[in-house]
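Residue 27 is where the sequence shown starts when you use this note's numbering, and the numbers rise one by one after that.
We put the beta carbon where it would ideally sit given N, CA and C, even for glycine.
Quick notes on the structure that follows.
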Amino acid sequence: MENEIDYSGYTLFELKEARSTVDEQAWPDRARMLDKLIAAKESASMSSPEPAAGAQQPGGAQDDAGQAVQPLRTVPVKFHGTTGEFFSIWIVNLALTIATLGIYSAWAKVRTNRYFYGNTDIDGHRFAYLAEPLQILKGRAIAVVLFGGYFLASYFNPLAGVIVAICLGLLTPVLVILSYRFKMRMTSYRNVRFNFKGRFGRAFVVFVLWPVASLFTLYLILPLALKKIDQFLLESSGYGDKSFKTRLNTGEYFGTGIAAGAIAFGIFFIGGIFMAVGIFSSSSGDEFSSSGSLVFTFGTFAMYFLAYVIASGFYSARIRNHLFAVTELDGIARFSSDVGVGELISLRGTNILAIIFTLGFAFPWTKVRTANFYAERTQVAILSDVDKVMEGYTSDVGAAGEEAAGLFDVDIALG
Numbered sequence: 027m028e029n030e031i032d033y034s035g036y037t038l039f040e041l042k043e044a045r046s047t048v049d050e051q052a053w054p055d056r057a058r059m060l061d062k063l064i065a066a067k068e069s070a071s072m073s074s075p076e077p078a079a080g081a082q083q084p085g086g087a088q089d090d091a092g093q094a095v096q097p098l099r100t101v102p103v104k105f106h107g108t109t110g111e112f113f114s115i116w117i118v119n120l121a122l123t124i125a126t127l128g129i130y131s132a133w134a135k136v137r138t139n140r141y142f143y144g145n146t147d148i149d150g151h152r153f154a155y156l157a158e159p160l161q162i163l164k165g166r167a168i169a170v171v172l173f174g175g176y177f178l179a180s181y182f183n184p185l186a187g188v189i190v191a192i193c194l195g196l197l198t199p200v201l202v203i204l205s206y207r208f209k210m211r212m213t214s215y216r217n218v219r220f221n222f223k224g225r226f227g228r229a230f231v232v233f234v235l236w237p238v239a240s241l242f243t244l245y246l247i248l249p250l251a252l253k254k255i256d257q258f259l260l261e262s263s264g265y266g267d268k269s270f271k272t273r274l275n276t277g278e279y280f281g282t283g284i285a286a287g288a289i290a291f292g293i294f295f296i297g298g299i300f301m302a303v304g305i306f307s308s309s310s311g312d313e314f315s316s317s318g319s320l321v322f323t324f325g326t327f328a329m330y331f332l333a334y335v336i337a338s339g340f341y342s343a344r345i346r347n348h349l350f351a352v353t354e355l356d357g358i359a360r361f362s363s364d365v366g367v368g369e370l371i372s373l374r375g376t377n378i379l380a381i382i383f384t385l386g387f388a389f390p391w392t393k394v395r396t397a398n399f400y401a402e403r404t405q406v407a408i409l410s411d412v413d414k415v416m417e418g419y420t421s422d423v424g425a426a427g428e429e430a431a432g433l434f435d436v437d438i439a440l441g
């Protein structure tokens with residue numbers, strides 16, 4: 027059954043944009059309804075004079091300075107994908123990637139992203155992923171060359187390997203900038219692309235100097251470093267000619283970070299006590315029996331599993347909700363998130379266990395389930411300037427940064 031969308035508050039432009047994103051075969055009733063609404067709007071516009079320039083549109087309350095103070099409407103984020111559909115895409119991607127020794131992985135990535143972007147709906151409009159497989163493949167080839175150079179240097183001369191590793195670490199800001207620039211430029215909504223305008227100098231401060239400073243303070247300022255990273259990524263991002271604005275609270279990061287650290291420490295402390303008791307009980311004399319080894323192995327896995335799932339779930343839920351609450355796309359949209367800590371912990375825990383016990387075949391289910399989870403807990407308040415956004419920043423970017431960053435584990439994401 028089709029998901030119902032209320033188009034009553036849409037302008038003619040918005041109706042046409044929504045119609046252009048609707049697949050007639052998948053959503054025939056919605057396509058017919060939009061055609062009727064567009065025809066009615068066009069008929070009404072021909073029989074009534076156009077409003078004067080600058081006139082306030084219905085639902086767009088404005089203050090004396092002409093700024094919107096009330097949203098036109100608040101809409102949920104919807105995800106229309108299903109496990110069955112994505113499983114068929116995933117299994118073909120996996121088989122062809124193995125058969126081509128990894129070459130098809132570029133096409134697999136594009137197919138996966140296009141499926142998830144194309145099934146994510148905000149206000150009747152869906153996202154689009156614009157990258158081509160050859161762009162990804164070229165980027166991965168460069169990434170393989172970089173990794174191969176590091177491996178060879180480490181194999182023949184460990185000191186040279188260390189030097190190369192340090193150089194790559196210092197290149198982290200460049201990789202992050204290129205990665206985000208490519209990702210954002212390859213994402214569009216309502217035929218307008220996103221963009222990323224981050225500067226290399228500021229990226230060096232955020233991704234190198236702040237983490238190093240937190241290391242020398244025994245990670246006491248790590249929450250501040252994480253806040254700086256999130257702030258940089260958000261404030262450098264834009265949609266068309268509009269920019270994201272945020273007012274992140276340092277206290278929220280410190281409070282959440284300290285609590286998450288305490289949770290992880292408590293799990294390891296209590297788990298260590300139980301594991302020591304179990305090992306002592308299963309050992310005979312001074313010998314470390316096979317049963318004691320089993321207790322140690324299982325206990326270590328259980329502690330890491332619980333610490334990751336609970337601490338990261340707590341941190342991610344709290345920070346995501348805060349980040350969405352204080353972020354606005356200038357004049358276009360405001361956001362809200364109501365992810366529950368317990369819900370996210372349960373989601374992550376069951377996802378990991380499902381993947382382990384199905385030998386990876388539950389991955390499509392976990393990915394679709396996660397997309398649905400976040401979509402159902404996210405709302406967007408549409409503001410009055412939504413029709414005024416225009417294509418803005420258009421510098422060319424390549425996939426090399428994204429793929430190299432991903433290979434060296436610096437492909438940062440907000441989650």
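>> So, under 8 Å CB-CB, isoleucine 7 and isoleucine 289 are touching, yes? Tell me the CB distance rounded to an integer number of Å.
In response: With the chain represented from 27 up to 441, any question about residue 7 goes unanswered, as that position is not in the structure.
>> Which residue marks the beginning of the beta strand (DSSP E) containing histidine 151, and which one marks its end?
In response: 151–155
> Thinking C-beta only, is valine 406 closer than 9 Å to arginine 216?
Replying inline: With respect to valine 406, arginine 216 sits apart: the two C-beta atoms are not nearer than 9 Å.
>> I'd like the span of the alpha helix (DSSP H) that includes alanine 179, first residue to last.
In response: 159–182 is the extent of the alpha helix (DSSP H) around alanine 179.
>> Which of the three DSSP states is assigned to threonine 100 in this structure?
In response: strand
> Mind checking whether phenylalanine 211 and leucine 156 have CB atoms under 9 Å apart?
Replying inline: Here the sequence assigns arginine to residue 211, which means phenylalanine is not the residue at that position. In this structure, leucine 156 lies closer than 9 Å to arginine 211 by Cβ.
> Can you give the Cα-Cα distance for isoleucine 129 and phenylalanine 387, rounded to whole angstroms?
Replying inline: 21 Å
>> Whole angstroms are fine: how far does the CA of proline 159 sit from the CA of serine 372?
In response: Cα to Cα, serine 372 sits roughly 35 Å from proline 159.
> Name the DSSP beta bridge partners of lysine 362, please?
Replying inline: A quick correction: the sequence has serine, not lysine, at residue 362. Per DSSP, Gln405.
> Where does the unbroken alpha helix (DSSP H) through tyrosine 206 begin, and where does it stop?
Replying inline: In this chain, the alpha helix (DSSP H) harbouring tyrosine 206 covers 198–211.
> Closest to glycine 107 by CA distance: which of Phe153, Glu261 and Ala169 is it?
Replying inline: Phe153
> Assuming tyrosine 176 and leucine 194 make a contact with CB atoms under 8 Å, what is their CB distance in whole Å?
Replying inline: 7 Å
> In the DSSP assignment, what residue or residues form a beta bridge with glycine 264?
Replying inline: Asn221 and Ser269
>> Excluding the 5 residues flanking glycine 304 on each side, which residues of the same chain have their C-beta closer than 6 Å to its C-beta?
In response: Val321
> Excluding five sequence neighbours on each side, which residues of the same chain lie with their C-beta closer than 6 Å to the C-beta of valine 103?
Replying inline: Ile148, Ala401 and Thr404
>> Which of the three DSSP states is assigned to glutamate 50 in this structure?
In response: Looking at glutamate 50 - three-state DSSP - the assignment turns out to be coil, as it is neither helix nor strand.
> If we ignore side chains and look at the alpha-carbon of each, how far apart do arginine 219 and phenylalanine 270 end up?
Replying inline: 14 Å
> First and last residue of the beta strand (DSSP E) that includes isoleucine 18?
Replying inline: A query on residue 18 cannot be resolved here, the shown segment of the chain reaching from 27 to 441 and no further.
> In three-state terms, what does DSSP make of phenylalanine 306?
Replying inline: It is helical.
> Measuring CB to CB, does isoleucine 189 end up less than 9 Å from phenylalanine 226?
Replying inline: no
> Between the C-alpha atoms of serine 307 and arginine 360, what's the straight-line distance to the nearest angstrom?
Replying inline: Going from the Cα of serine 307 to the Cα of arginine 360 covers about 57 Å.
>> Taking a contact to mean a Cβ-Cβ separation below 9 Å, would you say leucine 60 touches isoleucine 408 in this structure?
In response: no
> CA-CA distance, glutamine 88 and threonine 353?
Replying inline: With a pLDDT of only 45 at glutamine 88, under 50, the local geometry of the prediction cannot be trusted, and no value is derived from it.
>> Restricting to Cα atoms, I'd like to know which of Pro199, Trp53, Pro54 and Arg45 is closest to alanine 65.
In response: Arg45
> If you draw a straight line from the alpha carbon of leucine 250 to that of asparagine 145, how long is it in whole angstroms?
Replying inline: 35 Å
> If you count every other CB in all the chains shown that lies within 10 Å of the CB of arginine 58, and 16 or more means buried, which is it?
Replying inline: Looking at its Cβ environment, which holds fewer than 16 other Cβ atoms inside 10 Å, arginine 58 is exposed.
>> For arginine 273, count the other beta carbons within 10 Å of its own beta carbon; 16 or more makes it buried, fewer makes it exposed. Which is it?
In response: exposed
> Just checking my contact of methionine 329 with phenylalanine 294 at CB under 8 Å: how many whole Å lie between their CB atoms?
Replying inline: Contact flag correct, Cβ pair sits at about 6 Å.
> Where does proline 199 land, buried or exposed, given buried means 16+ other C-beta within 10 angstroms?
Replying inline: Buried, by the Cβ-count rule.
>> Rounded to whole angstroms, what is the Cα-Cα separation between glycine 110 and leucine 385?
In response: Rounded to the nearest whole angstrom, the C-alpha separation of glycine 110 and leucine 385 is 18 Å.
>> Considering just the uninterrupted stretch of the alpha helix (DSSP H) at leucine 355, what are its terminal residues?
In response: According to the DSSP assignment, leucine 355 belongs to no alpha helix (DSSP H) but to the beta strand (DSSP E) extending over 353–355.
>> DSSP has tyrosine 215 in a bridge; who is on the other side?
In response: Phe153 and Val218
> Under 9 Å, do phenylalanine 4 and leucine 370 count as touching if we go by C-beta distance?
Replying inline: Residue coverage of the chain in this structure runs from 27 to 441, which leaves residue 4 outside it and unanswerable.
> Between the C-alpha atoms of glycine 287 and asparagine 347, what's the straight-line distance to the nearest angstrom?
Replying inline: 19 Å
>> Suppose the cutoff is 6 Å on Cβ atoms and the five residues either side in sequence are ignored; what does the same chain contact list for arginine 344 look like?
In response: Answer for arginine 344: Thr282, listed in chain order.
>> Looking only at its chain, what residues have a beta carbon closer than 8 Å to the beta carbon of leucine 178, apart from the 5 residues adjacent to it on each side?
In response: Beyond the five residues adjoining it in sequence on each side, leucine 178 comes within less than 8 Å, by CB distance, of no other residue in the same chain.
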